[in-house]
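All remarks here apply to the structure that follows.
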Ligand code: SF4
Ligand code: SF4
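Residue numbers (our numbering), protein chains in the order written: chain A, 6 to 366; chain B, -9 to 163; chain C, 752 to 1132.
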């Protein structure tokens, strides 16, 4: 195929070269280092891009211009912010549990890093093709709440504690419906591996060939993902007008920046998972028998497809944030237990029936 | 539900609940989409943006002529003002912002005449209430449209409104 | 010389606060939700509010005392600094009160200009309230959208009065300057834009299900309670208490105008919300009646340079954007008042907060404070 130079080819070239130069053990170690550096680099880039994107989206929705001083049209604003956060003093409050207080942001960022591993960024380009990828992601993402609880508890601040408790209740509940909507796809695919899930969508994305039940699962997944990443309208853990800044009230400087970064990276990860499960991952968009059209689509590199879908979902979540008011804690739990959970359970039944009867294309 | 109801009644109750449930879900989703359509409209229509890019627009910025920025005393090209030193403005000011320091000039006829030495104006005390301007009987002071008043030293905010060497205009009593 | 004061703690209150599971948090004086330096001590049980104690005094500037040393022309400008969002209406009340003492007849043109300005101020205040309240509930976007319309009012004010917030345009005897030649055209433009854009708020805020759930059935203030707490303005009218000063004690020719007193019987936050939305439309109605009918003539009556009020007591009340605002002047016959007392709506409205908030969630407190439309300098003076 007339593909442009792709990520998988680059990685293959590097791999071959390393194998030719070093023995297998060293190759592995060097590859791991490269992967680690890449992930950290991706983190930094994601943080910068998503922050500027959020600020621009909010500005345009709010009929403002947004940041426009640093760089062309303010595109380097988030770099300036990063520098500011780096040179700020990282305070630790007097009454805080110092160890936990400093550990919490690290856990947040490490969890985000772990979640990166099984995501398929492009054709044949995946750090770790684990065969239980979906399960791994659901399991590891639950650890996120620990860092929030830790931050809230260790800060020795009442606002933080309230925010952390809210977030605990919220994440634990919303994990259920997020999991159930993910299971809908797992049932249809019959596999827990991200790679296979993407390959199962070669003849059409699940959102198209799964009829209405998958559409419902997709909507529920987006809602639950918004809630799990603590973003408005579910940002009760930080609820600015009630709890000043919720669980990170006491954090400043780089420690705050780590929480901030983790939030955005988590948004990216849930959107990447959403794109993989429902929108075909790196699969290009094909329409049945339009050969010419399909070939044009194939020509676009798979990494672009993946990023495009992911950023579309990220935009959706940002759009939510700048449109809706925040829910109250009891309404939040009502929404989950009275609406999302029953609907997704019923939906799961439909999907299972559909899978057994083979109704999808 | 009451006991006497036949089975279909109970079923009907559950059915009504289900209908209401579905209705709630749909009306919620609809209201969300309506809101998102509005914000989406603004996201895509950049001509609605109303940000004024101050201070880049200093040249084109237009302040109405009545804007109360600071009290000034206009002088004509002969360095003459209209202030007679009557202290009406000092009395009218609620904050003690204005201090009129008078002196006595000797007129050509050899008579003594009251005139201002200095009209001291404390910008940091002024609340731009316009009372002094209204009180002045000879229209000697007016409001200027400046507003960028910040300085590094507070003493710079104490101003003398009459120019050095200025005289009172002929014919102003 | 000042006396030393000892604060005697209320034994019972302290005991009540010590119950197991109670959690006391301080909201304010620096807190994003209080829009000013209000300090609320909230006793929580989990997320449920047991008690709200407002602590005042952080922005007390002793305005009443200050006014005693200022002449009747001078003191009016200070009242702009109380409820800074309806500064115009405060000034209006003071001017009316002084005029009552002076026994002057104000020219018809000045009257109409004053009413127009009052109603514009009311709309501007409600616009800001709408945006700020939506922001309290976590929706940031409406804030900017309402400020777009409010900006037009500010421009009108800037052009005619010379300032955007603390106008000091109303003086005893009339208004300080005549209206700007562009005034009528600009007000008409504003009315046009306002009526075309207010529907957007229905889409983003009023119609939104999350918003309605946050507002409906929250912060119940029954009619009797509203009366007994002395609530006025939209906060009381949301509980069905008819208390619009413009209707009950008309001043300045409000009796000749056609407008409705808005009443809602919901008694909850949503009713108070709807009152303000509908009040803006009534204000537009008033403006539309007057804008083409500004009578010709003087904008100011002839008054003496130094105003002296006869010995006696004078009281005047007006309807600000937040409720009934009263000015009470005791005169000894001199050029400065002997004593001035302001009755500010925010203070009484705030007193109902504890009653409303008990038993609801912490998140609702913010919504309730939003619908009471508290302006802290108005409470603290
Ligand atoms: S504007 Fe008011 S405060 Fe300022 S100098 Fe004139 S009278 Fe005094
Ligand atoms: S500025 Fe006007 S009021 Fe003041 S002293 Fe001069 S003439 Fe009198």
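Positions of the beta carbon are idealized from the N, C-alpha and C atoms, including for glycine. Predicted model, so just to flag it, every value in this text is computed and none were measured.
Distance from the C-beta of residue 121/B to the nearest heavy atom of ligand 1 is below 7 Å.
Taking a Cβ-Cβ threshold of 7 Å, the residues of chain A close to residue 959/C are 329, 330, in chain order. Between the beta-carbon of residue 286/A and that of residue 311/A there is about 6 Å, and that keeps the pair under the 8 Å contact cut. Closest in C-alpha terms to residue 973/C, from the list 880/C, 1061/C, 1022/C, 773/C, comes 1022/C.
A Cβ-Cβ contact shorter than 8 Å links residue 875/C with residue 901/C. Under the three-state reduction of DSSP output, residue 109/A falls in the helix class.
Within chain A, the residues 65, 66, 67, 68 have their CB atoms less than 8 Å from the CB of residue 32/B, given in chain order.
Taken through DSSP and simplified to helix, strand or coil, residue 291/A comes out as coil. Residue 58/B places its beta carbon 8 Å or farther from that of residue 889/C. Straight through space, the alpha carbons of residue 837/C and residue 831/C are spaced by roughly 8 Å. Between ligand 2 and the CB of residue 1057/C, the shortest heavy atom gap is not smaller than 7 Å. Secondary structure note for residue 284/A: it is in no alpha helix (DSSP H), with a DSSP letter that is neither H nor E. In this model, residue 85/B and residue 238/A are separated by some 48 Å (Cα to Cα). For residue 966/C, no beta strand (DSSP E) run applies; the uninterrupted alpha helix (DSSP H) run containing it begins and ends at 960 to 966, by DSSP. Using beta-carbon distances, residue 131/B does not count as an interface residue toward chain C, since no partner is under 8 Å. Under the Cβ criterion (8 Å, minimum of three pairs), the region 870 to 884 of chain C counts as touching the region 1013 to 1030 of chain C.
In this structure, residue 793/C sits away from residue 810/C, with a CB-CB distance that is not shorter than 8 Å.
Under the three-state reduction of DSSP, residue 54/B is assigned to coil, being neither helix nor strand. Neighbours of residue 120/B in chain C, taken as residues at a C-beta separation under 7 Å, are given in chain order as 913, 919, 927. The C-beta distance from residue 275/A to residue 197/A rounds to 17 Å, too long to fall under 8 Å, and the pair is not in contact. For the region 306 to 328 of chain A, the beta-carbon criterion of a distance under 8 Å to any beta-carbon of chain B is satisfied by 324, 325, 327, 328. Here the C-alpha atom of residue 1011/C lies approximately 34 Å from the C-alpha atom of residue 824/C. Under a criterion of Cβ atoms nearer than 7 Å, the residues of chain B adjacent to residue 892/C are, in order, 29.
The distance from the Cβ of residue 958/C to that of residue 1019/C is about 17 Å, inconsistent with a contact at the 8 Å cut-off.
Taking a contact as a CB-CB distance under 8 Å, the pair residue 927/C and residue 124/B counts as one, their CB atoms being some 6 Å apart.
Rounded to the nearest angstrom, the gap between the Cα atoms of residue 45/A and residue 839/C is 57 Å. Residue range 790 to 796 is occupied by the beta strand (DSSP E) that includes residue 796/C.
A check of alpha carbon separations from residue 1068/C across 782/C, 1062/C, 1078/C identifies 1078/C as the nearest.
Distances between the C-beta of residue 90/B and the heavy atoms of ligand 2 include at least one below 7 Å.
Using a CB distance below 8 Å, no part of the region 75 to 97 of chain A faces chain C. Put simply, the region 1043 to 1058 of chain C does not touch the region 996 to 1013 of chain C. Fewer than three CB pairs are less than 8 Å apart. Excluding its 5 nearest sequence neighbours in each direction, residue 145/A has C-beta neighbours in its own chain below 8 Å: 116, 119, 120, listed in chain order. Using beta-carbon distances, residue 169/A does not count as an interface residue toward chain C, since no partner is under 8 Å.
Distance from the Cα of residue 1058/C is smallest, within the candidate group 906/C, 922/C, 908/C, for 922/C. Contiguous beta strand (DSSP E) elements confined to the region 871 to 911 of chain C do not occur, taking only those with 3 or more residues.
Here DSSP, grouped into helix, strand and coil, assigns residue 301/A to helix.
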